[in-house]
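Single-structure report; data block below.
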C-alpha cells in the first residue's frame, strides 16, 4: 500500500458524498479510511454502503485529533493524506504528484497543496506559526495587523518551504507520523494541525507547499454549526496552544477568549 487517505467526518454528508465520489478514480495501491464521529445526518448509514472504503464508526464525537489518530493507527500506506470531508479532488493525479515530491526530497516530511474556494479563488491556507501577539490580534478581530502571520504577501504561485499548513490537505510520510506519534489529542478540534506541523519541524523534517496541485475546499462545514459546548472545547484548544507555547504570558489572552466565546455563541450559525 502506497497511500492511505484519512477523512474524519461529523455531520457533513452533503460534502462527504462529493469528496468520496471524487476519489473513486484512485489507484488500487491507495486505501480510503473514513472515521465518523457519531454523525446523526445519515452519514454512517451511507458510508456503510461504500464497500471500497474502510469505515471506523465512533459512538461519540471524539474530536478531530483523536479520530485522525484512529485512522493513522491502522493506515498501511507509506504516505498518509489528511483530507477534509468538505473537499473535492477534481484530479486524482495530484496525489501522485505529492507522493513523487515527497520521494524526491529526503528532507521533506510533509507537503500541502493549493486550496480553492468553489468559485476557483485561492484560500489562505498556509501561515507562519502564531506568536502570542497574533493571538491578541486574531481574537480582537484586528486581522489587518496579522499580515506577517497570515503570509498576506504570498501569492501561492511558487513551491516553497513553509511552517504550517491546514490539515484539510496534508500528505505526510508515515515514518514522520511514527516519530511524532500522530496528533496530540488534547487539541480536540482547533490548533491540532498547528501543533502537528510544529512537531514535524521539531524532528528536523521540512514541510512544503506545492503550488502545482490544487483541490476545492468548502470550509468549516462542521464547526459552523457548533453549539456552545463544542465552541467551548474549541476555545479551550486555542488557549491550550498559546499556554503551551508561551507560558504564563498567555494568561492575558484568557479573558479575551472568554468574552469572544460568549459573543460568538450568541450568533446563530
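Numbering (the numbering used here), first residue to last: 379 to 647.
Positions of the beta carbon are idealized from the N, C-alpha and C atoms, including for glycine.
Bear in mind that the values here come from a model prediction, so they are computed numbers and not experimental data.
Taking residue i as part of the beta strand (DSSP E), name the residues at either end of that continuous run.
i           : result
residue 586 : 584-595
residue 485 : Looking at the DSSP string, residue 485 is not in any beta strand (DSSP E), and its letter there is neither H nor E.
residue 549 : 547-551
residue 462 : 457-462
Can you give me the C-alpha to C-alpha distance between residue i and residue j, rounded to a whole angstrom?
i           : j           : result
residue 647 : residue 546 : Note that residue 647 has pLDDT 49, beneath the 50 cutoff, so the model's placement of it is unreliable and the number below is only indicative. Rounded to whole angstroms, residue 647 to residue 546 spans 21 Å at the Cα level.
residue 641 : residue 516 : 15 Å
residue 387 : residue 589 : 27 Å
residue 540 : residue 506 : 7 Å
residue 648 : residue 623 : Absent from the model: residue 648. The displayed extent of the chain is 379 to 647, so no value can be given.
residue 504 : residue 637 : 27 Å
residue 404 : residue 451 : 21 Å
residue 502 : residue 492 : 9 Å
residue 512 : residue 444 : 27 Å
residue 571 : residue 538 : 19 Å
residue 400 : residue 438 : 27 Å
residue 527 : residue 455 : 33 Å
residue 466 : residue 591 : 13 Å
Looking at the secondary structure, which residues open and close the alpha helix (DSSP H) in which residue i lies?
i           : result
residue 541 : Run containing residue 541: none; DSSP gives neither H nor E here.
residue 630 : Careful: residue 630 lies outside any alpha helix (DSSP H) and carries neither H nor E.
residue 573 : 570-580
residue 608 : 606-624
residue 381 : It is not in any alpha helix (DSSP H) - residue 381 instead sits in the beta strand (DSSP E) that spans 381-387.
residue 444 : 442-452
residue 534 : Element bounds for residue 534: n/a, residue is neither H nor E.
residue 393 : 391-400
What residues in its chain sit with their C-beta under 7 Å from that of residue i, if we drop five residues either side in the sequence?
i           : result
residue 487 : 550, 551, 554, 578, 581, 583, 584, 585
residue 422 : 414, 435
residue 575 : 541, 542, 543, 585
residue 523 : 515
If the criterion is Cβ atoms closer than 9 Å, does the pair residue i and residue j meet it?
i           : j           : result
residue 409 : residue 383 : yes
residue 472 : residue 385 : no
residue 446 : residue 459 : no
residue 425 : residue 433 : yes
residue 573 : residue 587 : no
residue 548 : residue 489 : yes
residue 464 : residue 596 : yes
Near residue i, which residues of its chain fall below 6 Å by C-beta distance, leaving aside the five closest residues on each side in sequence?
i           : result
residue 621 : 628
residue 449 : 384, 411, 413
residue 606 : 643
residue 453 : 382
For residue i, collect the residues of the same chain with a Cβ closer than 8 Å to its Cβ; drop the 5 residues on either side in sequence, then sort them by chain order.
i           : result
residue 618 : 564, 565, 569
residue 616 : 513, 517, 568, 569, 635
residue 420 : 391
residue 484 : none
Which parts of the region 469-523 are runs of the beta strand (DSSP E), unbroken and 3 residues or longer, counting only runs that do not cross its ends?
486-494
Which residue spans inside the region 407-437 form an unbroken beta strand (DSSP E) run of at least 3?
408-414, 432-435
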